[in-house]
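Numbering (our numbering), first residue to last: 13 to 318.
Everything on this sheet refers to the single structure shown next.
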Amino acid sequence: MSFPQKNSLRKKPSSTSLATPIYHRRRRDWRDDQYLIEEIVKSLSESNEAKKNKVSLVKEFVGLTSEIGGEGYQSNKRAAVLCMWIREQIAKLASTQASYDLRVHTIKIPPGISRIIDERNQVLSKIKANDEDLPPLEKLFPDPGIRGFVLERVQLLHKGNLLSYLNSLVSKEKVSLQGESATISDLIHICEEKLKRRKLEIVSNFNANEVDLWVPSLNLGVDVRETLSSSCTNELVNLLKNTNSAKKTKFLAVVCPDELSDLIFHSWRDVERSNVVPNLSVLRVGDFGSYLDRISEFTKADKDST
Numbered sequence: 013m014s015f016p017q018k019n020s021l022r023k024k025p026s027s028t029s030l031a032t033p034i035y036h037r038r039r040r041d042w043r044d045d046q047y048l049i050e051e052i053v054k055s056l057s058e059s060n061e062a063k064k065n066k067v068s069l070v071k072e073f074v075g076l077t078s079e080i081g082g083e084g085y086q087s088n089k090r091a092a093v094l095c096m097w098i099r100e101q102i103a104k105l106a107s108t109q110a111s112y113d114l115r116v117h118t119i120k121i122p123p124g125i126s127r128i129i130d131e132r133n134q135v136l137s138k139i140k141a142n143d144e145d146l147p148p149l150e151k152l153f154p155d156p157g158i159r160g161f162v163l164e165r166v167q168l169l170h171k172g173n174l175l176s177y178l179n180s181l182v183s184k185e186k187v188s189l190q191g192e193s194a195t196i197s198d199l200i201h202i203c204e205e206k207l208k209r210r211k212l213e214i215v216s217n218f219n220a221n222e223v224d225l226w227v228p229s230l231n232l233g234v235d236v237r238e239t240l241s242s243s244c245t246n247e248l249v250n251l252l253k254n255t256n257s258a259k260k261t262k263f264l265a266v267v268c269p270d271e272l273s274d275l276i277f278h279s280w281r282d283v284e285r286s287n288v289v290p291n292l293s294v295l296r297v298g299d300f301g302s303y304l305d306r307i308s309e310f311t312k313a314d315k316d317s318t
């Protein structure tokens with residue numbers, strides 16, 4: 013993704029230009045495996061960096077994907093394992109390229125990719141649900157106080173089975189995050205972490221007439237929403253307009269969960285496209301980091317030009 017020229021720096025970042033597909037970050041079903049593999053194969057042949065991989069390595073990778081495609085993607089464990097590996101490489105790419113684009117950049121293919129994926133698949137297939145597969149308690153829980161508490165709970169509730177206890181904790185967290193307030197709290201926490209990583213000061217708001225987060229250095233207001241129905245669209249627009257009136261706002265972002273389907277997400281973006289709030293961008297939480305990087309560059313360029 014290329015940055016805009018200086019004369020267009022005041023144009024707000026668009027979700028269309030910032031967004032990376034959900035399947036780059038997470039797997040929803042087997043179709044995401046198919047989309048990701050097909051995109052990577054295309055990238056290896058067409059991107060500007062494609063020549064960084066040896067022809068023989070690309071040939072082996074394409075051969076592996078052809079085998080997987082021939083077997084079918086649905087319920088294909090090798091496809092799922094390959095995509096786990098691809099997402100690891102994309103994460104590495106994202107750490108060096110704040111706004112990567114697989115039409116420009118590409119992942120690095122190591123020698124023996126077929127062997128690597130087969131070995132990973134074998135390891136995952138052999139994992140057994142028993143405590144012998146877990147690291148020692150001292151490594152899992154280095155704090156003695158927490159370790160003592162864990163031991164007590166494991167003995168009391170799970171008959172000494174540590175794996176059962178850990179599984180129970182994850183299950184409870186999953187259930188708790190299915191509630192609206194819990195999901196909102198989790199989304200706000202993710203946004204706060206992305207801001208903290210960039211050393212951006214955050215002011216949290218709990219006023220019904222204000223956005224959830226304010227970032228003074230960027231003049232950015234952030235509102236987090238789990239759902240957006242037609243009945244609450246007017247309420248959101250009024251809240252955003254109030255924020256623009258009360259503060260010297262340059263940018264406004266409405267952040268929603270990654271899990272939203274493309275159809276629902278694009279219906280959310282109708283609020284942005286209506287231009288009723290001109291400085292608004294509607295984003296999935298996974299794209300919030302790229303959005304921050306882009307508006308930080310806009311802000312710096314504006315300061316340098318004055």
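By construction, the Cβ of each residue, glycine as well, lies at the ideal position given by its N, Cα and C atoms.
*asked:* So, with DSSP's three-state summary, where would you put D316?
replied: One-based indexing of the sequence shown puts residue 316 at position 304. Three-state result, D316: helix.
*Length-filtered (4 minimum) alpha helix (DSSP H) runs lying within the stretch 76 to 137*: 89 to 108
*Range of the contiguous alpha helix (DSSP H) that encloses D45*: One-based indexing of the sequence shown puts residue 45 at position 33. D45 -> alpha helix (DSSP H) spans W42 to E58.
*Is the distance from the Cβ of V249 to the Cβ of V223 below 8 Å?*
Here residue 249 refers to the residue found at position 237 of the sequence shown. Here residue 223 refers to the residue found at position 211 of the sequence shown. Result no, Cβ atoms of V249 and V223 do not sit closer than 8 Å.
*asked:* Can you confirm whether the stretch 80 to 88 touches the stretch 37 to 52 when touching is taken to mean that 3 or more C-beta pairs between the two stretches lie within less than 8 Å?
replied: yes
_Quick check on the burial criterion: 16 or more other C-beta atoms within 10 angstroms. Buried or exposed for C95?_
As a first step, residue 95 must be located in the sequence shown, where it is residue number 83. Buried, because 16 or more other Cβ atoms sit within 10 Å of the Cβ of C95.
*Label N291 either buried or exposed according to how many other C-beta atoms from any shown protein chain fall within 10 Å of its C-beta, with 16 as the threshold for buried.*
Mapped onto the sequence shown, residue 291 falls at position 279. Looking at its Cβ environment, which holds 16 or more other Cβ atoms inside 10 Å, N291 is buried.
*Run through DSSP, which three-state label would V236 get?*
Within the sequence shown, residue 236 is the residue found at index 224, counting from 1. In the structure shown, V236 sits in a strand (DSSP, three-state: E or B).
*Give the C-beta separation of G298 and D270 to the nearest angstrom, bearing in mind that I take them to be a contact with Cβ-Cβ under 8 Å.*
Here residue 298 corresponds to residue number 286 of the sequence shown, with the count starting at 1. Here residue 270 corresponds to residue number 258 of the sequence shown, with the count starting at 1. Indeed they touch by this definition, with Cβ atoms about 5 Å apart.
*asked:* Within 8 Å, do at least three Cβ pairs link the stretch 160 to 173 to the stretch 194 to 210?
replied: no
*Between Q134, V70 and V162, which lies nearest to T118 when the distance is taken from Cα to Cα?*
Walking along the sequence shown from the start, residue 118 turns up at place 106. When only C-alpha atoms are compared, the closest one is V70.
*On the three-pair Cβ rule with 8 Å, is the stretch 254 to 262 touching the stretch 227 to 240?*
yes
*Neighbourhood of E72 by C-beta distance below 7 Å, restricted to the same chain and skipping five residues each side*: On the sequence shown, residue 72 is found 60 positions in, with the first residue counted as 1. Taken in chain order, the residues that qualify are I125 and S126.
*Closer than 6 Å by C-beta to S176: which residues in its own chain qualify, once you throw out the five before and the five after it? Chain order, please.*
Residue numbering aside, residue 176 sits at position 164 when the sequence shown is read from its first letter. For S176, where only same-chain residues beyond five positions count, the Cβ hits under 6 Å are H170.
*Taking 8 Å as the CB-CB cut-off, is P148 touching chain B?*
The chain inventory of the structure shown lacks chain B, comprising one protein chain alone.
*Beta carbon of R90, beta carbon of I80: below 8 Å?*
Position 78 of the sequence shown, counted from the start, is the residue given in the question as residue 90. Position 68 of the sequence shown, counted from the start, is the residue given in the question as residue 80. Yes. Within cutoff.
*Is it true that the CB of S55 sits closer than 8 Å to the CB of L114?*
Residue numbering aside, residue 114 sits at position 102 when the sequence shown is read from its first letter. Residue numbering aside, residue 55 sits at position 43 when the sequence shown is read from its first letter. Result yes, Cβ atoms of L114 and S55 sit closer than 8 Å.
*According to the neighbour-count rule (16 or more other Cβ atoms, all chains shown, within 10 Å of its Cβ), is V67 buried or exposed?*
Position 55 of the sequence shown, counted from the start, is the residue given in the question as residue 67. Its Cβ having fewer than 16 others within 10 Å, V67 is exposed.
*So the beta strand (DSSP E) V227 belongs to, where does it begin and stop?*
Numbered from its first residue, the sequence shown carries residue 227 at position 215. That run of the beta strand (DSSP E) goes L225 to V227.
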